[in-house]
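Report on the structure given below.
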Amino acid sequence: MKLPVFVVDAFTAKAFCGNPAAVCLLENKLDEDMHQKIAKEMNLSETAFIRKLHPTDNFTQSSCFGLRWFTPASEVPLCGHATLASAAVLFNKIKNVNNVLTFVTLSGELKARRAEDSIILDLPLYPAHPQDFHEVEDLIKTAIGDTRVQDIRYSPDTRKLLVRLSDTYKRSFLENLKVNTQDLPQVENTGKVKGLILTLKGEPGGQTQAFDFYSRYFAPWVGLAEDPVTGSAHAVLSSYWSEQLGKKDMHAFQCSRRGGELEISLRSDGRVDIRGGTAVVLEGTLTA
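Note that this note's numbering gives residue 563 to position 215 of the sequence shown, counting from 1, and the numbers run on in steps of one.
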């Protein structure tokens with residue numbers, strides 16, 4: 349078996365920043381267990397598999413493909429950065445002739461469209477509802493200790509817990525915060541939570557670029573201690589911060605060590621456009 353494989357840094361214009369994803373192009377059907385084996389071998393936060401939906405399809409001319417995402421540990425229902433990476437491979441390496449691509453996924457149809465030197469993803473927008481602190485107190489205390497918390501929300505659609513830190517903290521605090529992810533799967537083992545979002549209100553511009561909000565994302569329940577830049581988390585964050593700030597268009601920064609920028613625009617149809625850059629850093633052939 350030989351598969352074309354690419355590694356793409358997403359939500360960045362520079363190599364070795366943003367969030368890396370592996371992208372595999374499937375000319376033929378792959379044995380089910382092989383998806384997970386390849387993802388484990390690639391050992392990135394996500395490996396995406398693009399497949400043809402019909403025998404007559406081809407990667408250059410067709411505009412609709414199947415898409416699945418795997419962490420090294422499990423399949424996930426939505427991954428924004430690996431979708432961005434997949435579109436970048438088709439647009440920029442395979443030279444797909446279409447301006448809009450549709451991906452059939454576990455989260456329904458997702459679209460990606462060209463936009464100058466970047467790509468815009470059309471993602472679902474997921475509401476986050478108020479969450480009683482006492483129900484998740486052990487999880488939060490385990491993760492961030494006595495860090496002051498201003499708001500807690502839960503997204504049942506994505507099983508993500510959103511924890512907003514106090515507005516008294518600055519970006520540097522979130523960037524340097526030590527988060528205990530190792531113990532979280534033992535503390536929260538009911539299946540209710542599959543991802544932890546830490547977020548902080550943005551700061552006005554000055555010596556640094558202005559952002560509307562900051563975040564970090566942790567998902568040890570699916571094998572990811574910390575994910576560098578997370579599109580699916582921003583499908584929740586966009587809903588929350590739009591409500592808090594009274595804005596439809598926002599500029600976000602995920603404060604991981606690699607860092608990543610996202611341009612966000614909420615739409616009237618209940619979805620969100622998330623725009624980001626990409627950099628292809630590796631291309632080759634996977635053999636097995």
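Just so you know, even glycine gets a beta-carbon here, dropped at the ideal spot from N, CA and C.
Residue i - containing beta strand (DSSP E), residue span
{"i": "Gly414", "result": "412-418"}
{"i": "Val353", "result": "350-358"}
{"i": "Val452", "result": "448-453"}
{"i": "Gln602", "result": "597-602"}
{"i": "Gly456", "result": "456-463"}
{"i": "Gln409", "result": "Neither: Gln409 is in no beta strand (DSSP E) and is coded neither H nor E."}
{"i": "Ser422", "result": "From DSSP, Ser422 is part of no beta strand (DSSP E); its letter is neither H nor E."}
{"i": "Val511", "result": "508-513"}
{"i": "Asp621", "result": "619-624"}
{"i": "Ile612", "result": "608-614"}
Span of the alpha helix (DSSP H), counted from its first residue to its last, around residue i
{"i": "Met390", "result": "380-390"}
{"i": "Asn524", "result": "519-524"}
{"i": "Thr431", "result": "428-436"}
{"i": "Asp486", "result": "481-492"}
Cβ distance (whole Å) where residue i is taken to contact residue j below 8 Å
{"i": "Ala436", "j": "Thr633", "result": "The Cβ separation is near 19 Å, so there is no contact."}
{"i": "Ala396", "j": "Leu415", "result": "6 Å"}
{"i": "Arg564", "j": "Glu551", "result": "Not confirmed; about 16 Å, so no contact."}
{"i": "Tyr474", "j": "Ser587", "result": "6 Å"}
{"i": "Thr547", "j": "Leu510", "result": "6 Å"}
{"i": "Pro533", "j": "Pro568", "result": "5 Å"}
{"i": "Tyr502", "j": "His482", "result": "Not a contact, Cβ separation roughly 13 Å."}
{"i": "Glu631", "j": "Lys441", "result": "7 Å"}
{"i": "Glu457", "j": "His429", "result": "Going by Cβ atoms, the distance from Glu457 to His429 rounds to 18 Å, so no, they are not a contact pair."}
Three-state secondary structure (DSSP) of residue i
{"i": "Gln530", "result": "coil"}
{"i": "Thr404", "result": "coil"}
{"i": "Pro478", "result": "strand"}
{"i": "Pro568", "result": "helix"}
{"i": "Phe364", "result": "coil"}
{"i": "Leu585", "result": "helix"}
{"i": "Ser503", "result": "strand"}
{"i": "Val577", "result": "coil"}
{"i": "Glu551", "result": "coil"}
{"i": "Val649", "result": "Only positions 349 to 636 of the chain appear in the structure, and residue 649 is not among them; the question remains open."}
{"i": "Ser466", "result": "strand"}
{"i": "Gln592", "result": "helix"}
{"i": "Val497", "result": "strand"}
{"i": "Phe439", "result": "helix"}
{"i": "Val628", "result": "strand"}
{"i": "Val371", "result": "strand"}
Among the options, nearest to residue i - alpha-carbon criterion
{"i": "Ala491", "options": "His477, Leu544, Pro425", "result": "Leu544"}
{"i": "Lys385", "options": "Lys400, Val355, Thr419, Ala361", "result": "Thr419"}
{"i": "Ile398", "options": "Phe451, Ala600, His477, Phe559", "result": "Phe451"}
{"i": "His582", "options": "Trp569, Glu611, Met349", "result": "Glu611"}
{"i": "Pro425", "options": "Phe559, Arg507, Val511", "result": "Arg507"}
{"i": "Lys526", "options": "Glu536, Pro352, Lys542, Ile488", "result": "Ile488"}
{"i": "Val541", "options": "Gln530, Val570, Tyr562, Ala361", "result": "Val570"}
{"i": "Tyr562", "options": "Leu454, Glu536, Phe601", "result": "Phe601"}
{"i": "Ala358", "options": "Gly608, Ser604, Phe566", "result": "Gly608"}
{"i": "Leu454", "options": "Lys443, Phe413, Asn537", "result": "Phe413"}
{"i": "Asp405", "options": "Phe566, Met382, Met390, Asn376", "result": "Asn376"}
{"i": "Asp480", "options": "Leu614, Val535, Ile500, Cys603", "result": "Ile500"}
Counting Cβ pairs closer than 8 Å, one from the stretch 620-628 and one from the stretch 459-470, do we hit at least three? yes
Between the stretch 566-580 and the stretch 589-600, are three or more C-beta pairs nearer than 8 Å? Counting Cβ pairs under 8 Å, fewer than three are found: no touch.
So, does the stretch 359-373 touch the stretch 445-454, judging by three or more C-beta pairs under 8 Å? no
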